[in-house]
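Numbered according to my numbering, the sequence shown terminates at residue 279, and the numbering increases by one at each position without gaps.
We treat Cβ as the ideally placed atom computed from N, Cα and C, and that holds for glycine.
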Amino acid sequence: MSDQTGPASALAKGLAVLEAVLSNDRLSDLAKATGLSNSTVHRILSELVANGWVYQDDAKRYRPGRRMLALAGLLSDDAEINRQARPHLEALREATGATVHFGLVKHDAVMYAAKLDGRGSYRMVSRVGGLVPLHSTSIGKSVLAARSDQEVAEIMHRTGMRGVTEATHTTVASLLDDLRATRQRGWAIDNGENEANLRCIGAAVLDSSGRAIGGVSISALEFELPISRLREVSEQVMRAARGISASLGYTGEARDDAR
Numbered sequence: 021m022s023d024q025t026g027p028a029s030a031l032a033k034g035l036a037v038l039e040a041v042l043s044n045d046r047l048s049d050l051a052k053a054t055g056l057s058n059s060t061v062h063r064i065l066s067e068l069v070a071n072g073w074v075y076q077d078d079a080k081r082y083r084p085g086r087r088m089l090a091l092a093g094l095l096s097d098d099a100e101i102n103r104q105a106r107p108h109l110e111a112l113r114e115a116t117g118a119t120v121h122f123g124l125v126k127h128d129a130v131m132y133a134a135k136l137d138g139r140g141s142y143r144m145v146s147r148v149g150g151l152v153p154l155h156s157t158s159i160g161k162s163v164l165a166a167r168s169d170q171e172v173a174e175i176m177h178r179t180g181m182r183g184v185t186e187a188t189h190t191t192v193a194s195l196l197d198d199l200r201a202t203r204q205r206g207w208a209i210d211n212g213e214n215e216a217n218l219r220c221i222g223a224a225v226l227d228s229s230g231r232a233i234g235g236v237s238i239s240a241l242e243f244e245l246p247i248s249r250l251r252e253v254s255e256q257v258m259r260a261a262r263g264i265s266a267s268l269g270y271t272g273e274a275r276d277d278a279r
């Protein structure tokens, strides 16, 4: 590839470097594989690392990042999971009028595999393929509730507990209190913890082995989803989660990971 400038070639160069990372892990090898200068490749890699497409390990080797791996998953086995989930997601949106998300756990985060916009005028900034934290989302917390307290603590140690909003849990103790209530109810709630002024209700989706692999949620502005509606909508969310789980082959009891 010629090391030329311009908006169109900048995109081509970025894609070339991204593809080359699949089979090369050092700057000099990436430059050779793409035909670009070391300085150009280094600049592109810096942007890819900053945006989660590539990461650099302790040995300074470049590896595919979470966003690249999430996209690869979406295009393979996850596409079939998404197909199985679709009718249940559409029924949930029809029943509630809210924005519906379907997310799968990828590398200690939730990847949105599907999004159906609600009937309201507000449009959420979330996107299919986007990664969001486990500890600040209703889907993430519904999955964490199916894990043991020790596993939750280990995950939070790996990921950190960044305060996305003022309402986000930033300590393991407060998160575990929330998860205990989630287990009792059967559904998780996000009260403006990932996006201010939004309320989300989520329930876990189980695979054929009974393992929580993701979840389904509805999201709306707080005044559109008042506390008085929680019992009604939580039943609908759990019904959708059960339907998706059944479509994925789940027939029995959930795995007893939350001990």
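(1) How would you label Glu242, buried or exposed, when you count the other beta carbons within 10 angstroms and need 16 or more for buried?
(2) So, is Tyr142 buried or exposed, given that buried needs 16 or more other C-beta atoms within 10 angstroms?
(3) Let me confirm a value: Thr25 is counted as buried when at least 16 other C-beta atoms fall within 10 Å, else exposed. Which label applies?
(4) Taking the alpha helix (DSSP H) that Ala201 belongs to, which residues open and close that run?
(5) Val120 and Val236: beta carbons closer than 9 Å?
(6) Cβ of Ser239 within 9 Å of Cβ of Tyr270?
(7) For His177, is the classification buried or exposed, using 16 other Cβ atoms within 10 angstroms of its Cβ as the cut-off for buried?
(8) Please list, in chain order, all residues of the same chain as Val192 whose beta carbon is under 6 Å from its beta carbon, the five residues on each side excluded.
(9) Helix, strand or coil, according to DSSP, for His189 in the structure here?
(10) Following the continuous beta strand (DSSP E) through His62, name the residue where it begins and the one where it ends.
(11) Taking only three categories from DSSP, how would you classify Arg259?
(12) So, for Gly183: in the same chain, excluding its five sequence neighbours on each side, which residues have a beta-carbon less than 7 Å away from its beta-carbon?
(13) In the DSSP assignment, find the beta strand (DSSP E) that holds Asp210 and state where it starts and stops.
(14) Terminal residues of the continuous beta strand (DSSP E) containing Lys126?
(15) Can you tell me the Cα-Cα spacing of Leu164 and Ile101, whole angstroms?
(16) Starting from the Cα of Ala187, find the closest Cα among His155, Gln170 and Thr202 and give me that residue.
(17) Helix, strand or coil for Val225 per DSSP?
(18) Could you tell me whether the stretch 32-50 touches the stretch 60-75, using the rule of 3 or more Cβ pairs below 8 Å?
(19) CB Leu56 to CB Val37, shorter than 9 Å?
(20) In whole angstroms, what is the alpha-carbon distance linking Met144 and Gly234?
(21) For Leu210 versus Arg203, is the C-beta spacing smaller than 9 Å?
(22) Just tell me which of Thr185, Ile159, Ser248 and Ser194 has its CA closest to the CA of Asp169.
(23) When you compare only the Cα positions, how much space is there between Met131 and Asn217?
(24) Please report the Cβ distance between Ala208 and Ser158, rounded to the nearest whole angstrom; I am assuming they are in contact, meaning their Cβ atoms lie under 8 Å.
Taking the geometry as given:
(1) So Glu242 counts as exposed.
(2) The residue in question, Tyr142, is exposed, as its Cβ has fewer than 16 Cβ neighbours within 10 Å.
(3) Reliability fails at Thr25, whose pLDDT of 41 lies under 50, so the model's placement of it is uncertain and the value that follows must be treated cautiously. Burial call: exposed.
(4) Per DSSP, the unbroken alpha helix (DSSP H) holding Ala201 starts and ends at Val192 to Arg205.
(5) In terms of Cβ geometry, Val120 and Val236 form a close pair [threshold 9 Å].
(6) Ser239 is not a Cβ neighbour of Tyr270, given a cutoff of 9 Å.
(7) By the neighbour-count rule (16 or more Cβ atoms within 10 Å), His177 is not buried but exposed.
(8) Annotation for Val192: Ala173 and Met176 place their beta carbon closer than 6 Å to its own, counting only its chain and skipping 5 residues before and after.
(9) Note: His189 maps to coil in three-state DSSP.
(10) Element bounds for His62: not the beta strand (DSSP E) but the alpha helix (DSSP H), Asn58 to Ala70.
(11) The three-state secondary structure of Arg259, taken from DSSP, is helix.
(12) Excluding residues within five positions, the ones whose Cβ falls inside 7 Å are Thr190.
(13) Note, Asp210: beta strand (DSSP E), Ala208 to Asn211.
(14) No beta strand (DSSP E) holds Lys126; DSSP gives it neither H nor E.
(15) For Leu164 and Ile101, the distance between alpha carbons rounds to 20 Å.
(16) Of His155, Gln170 and Thr202, the residue nearest in Cα terms is His155.
(17) Looking at Val225 - three-state DSSP - the assignment turns out to be strand.
(18) Between the stretch 32-50 and the stretch 60-75, the count of Cβ pairs shorter than 8 Å is three or higher; the stretches touch.
(19) Less than 9 Å separates the beta-carbon of Leu56 from that of Val37.
(20) Going by the C-alpha atoms only, they are around 20 Å apart.
(21) First, the residue type needs correcting, since residue 210 is Asp and not Leu in the sequence shown. Against a cut-off of 9 Å, the Cβ pair of Arg203 and Asp210 comes out as no contact.
(22) Per the Cα distances, Ser194.
(23) Their backbone Cα atoms lie some 22 Å apart in a straight line.
(24) With a beta-carbon spacing of about 4 Å, Ala208 and Ser158 fall inside the 8 Å limit used to define contacts.
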